[in-house]
Amino acid sequence: MLILAKIIHFLCFSVGIGGGAAAALIGIRAKGAPRDAVPVLRGVQKTLGRIAFGAIVLLWLTGVYMIYADKGGWAGLGTAFWLKMLAVVVLTAASLTAQYFTLTASRRDPARMGPVMAKIGMTATGSAVAALILAIAAFSG
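When we follow numbering that gives the first Met the number 0, the leftmost residue of the sequence shown carries the number 0, and every step to the right adds one.
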């Protein structure tokens with residue numbers, strides 16, 4: 000079961016990073032796209048965001064499971080692990096914020112939200128990369 004949890008965990012991380020990168024590229028393309036293409040591109044972005052958010056939920060579930068199954072709980076985990084968890088919390092907060100803004104988009108000015116969503120995306124991607132690097136540091140050796 001632990002191996003299955005690790006497989007799901009790594010696949011979800013890949014989905015999250017890949018979806019974030021794809022959504023960022025779509026956002027860049029949407030700026031110069033013909034008017035009739037923009038809603039389609041934004042719809043794809045929204046779908047990628049929801050899939051990535053689902054992946055984050057699964058990352059939390061599999062991650063907590065693995066801590067107990069492999070390490071016996073939270074005790075004895077080093078500084079790199081806790082810094083990784085800080086990065087994961089930032090990633091989760093950015094993802095939740097993006098989902099909230101997406102759900103309430105009809106009440107917001109699209110021109111102002113583009114740069115905000117781009118910053119949220121950069122925060123999420125940066126924290127995901129930091130979490131990966133810190134996970135390697137925490138669990139290597």
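We treat Cβ as the ideally placed atom computed from N, Cα and C, and that holds for glycine.
Close Cβ partners of residue i (< 6 Å) along its chain, the five nearest in sequence each way excluded
i     : result
Lys45 : Thr101
Ala93 : Ile119, Thr122, Ala123
Ala21 : Leu47
Ala54 : Cys11, Val14, Gly15
CB contact flag (residue i, residue j, <8 Å)
i      : j      : result
Ala51  : Gly15  : yes
Leu90  : Ala130 : yes
Gly75  : Ile66  : no
Met112 : Ala123 : no
Ser126 : Ala86  : yes
Counted within 10 angstroms of its Cβ, other Cβ atoms place residue i as buried (16 or more) or exposed
i      : result
Ile119 : buried
Leu3   : exposed
Ala178 : Any property of residue 178 remains undetermined from this structure, which presents the chain solely from 0 to 140.
Ala110 : exposed
Leu207 : Not covered by the structure: residue 207. The range shown for the chain is 0 to 140.
Leu133 : buried
Whole-angstrom C-beta distance between residue j and residue i, which should lie under 8 Å
i     : j     : result
Leu47 : Gly18 : 4 Å
Cut-off 7 Å between Cβ atoms - residues of its own chain near residue i, not counting five sequence neighbours on either side
i     : result
Gly62 : His8
Ala32 : Leu40
Ala23 : Gly120
Close beta carbons around residue i, own chain, < 8 Å, minus the five adjacent residues each side
i     : result
Lys30 : Gly113
Are at least three pairs of beta-carbons, each pair with one atom in the stretch 47–60 and one in the stretch 5–13, less than 8 Å apart? yes
Contact between the stretch 67–85 and the stretch 133–140 is defined here as three or more beta-carbon pairs at a separation below 8 Å; is this criterion met? yes
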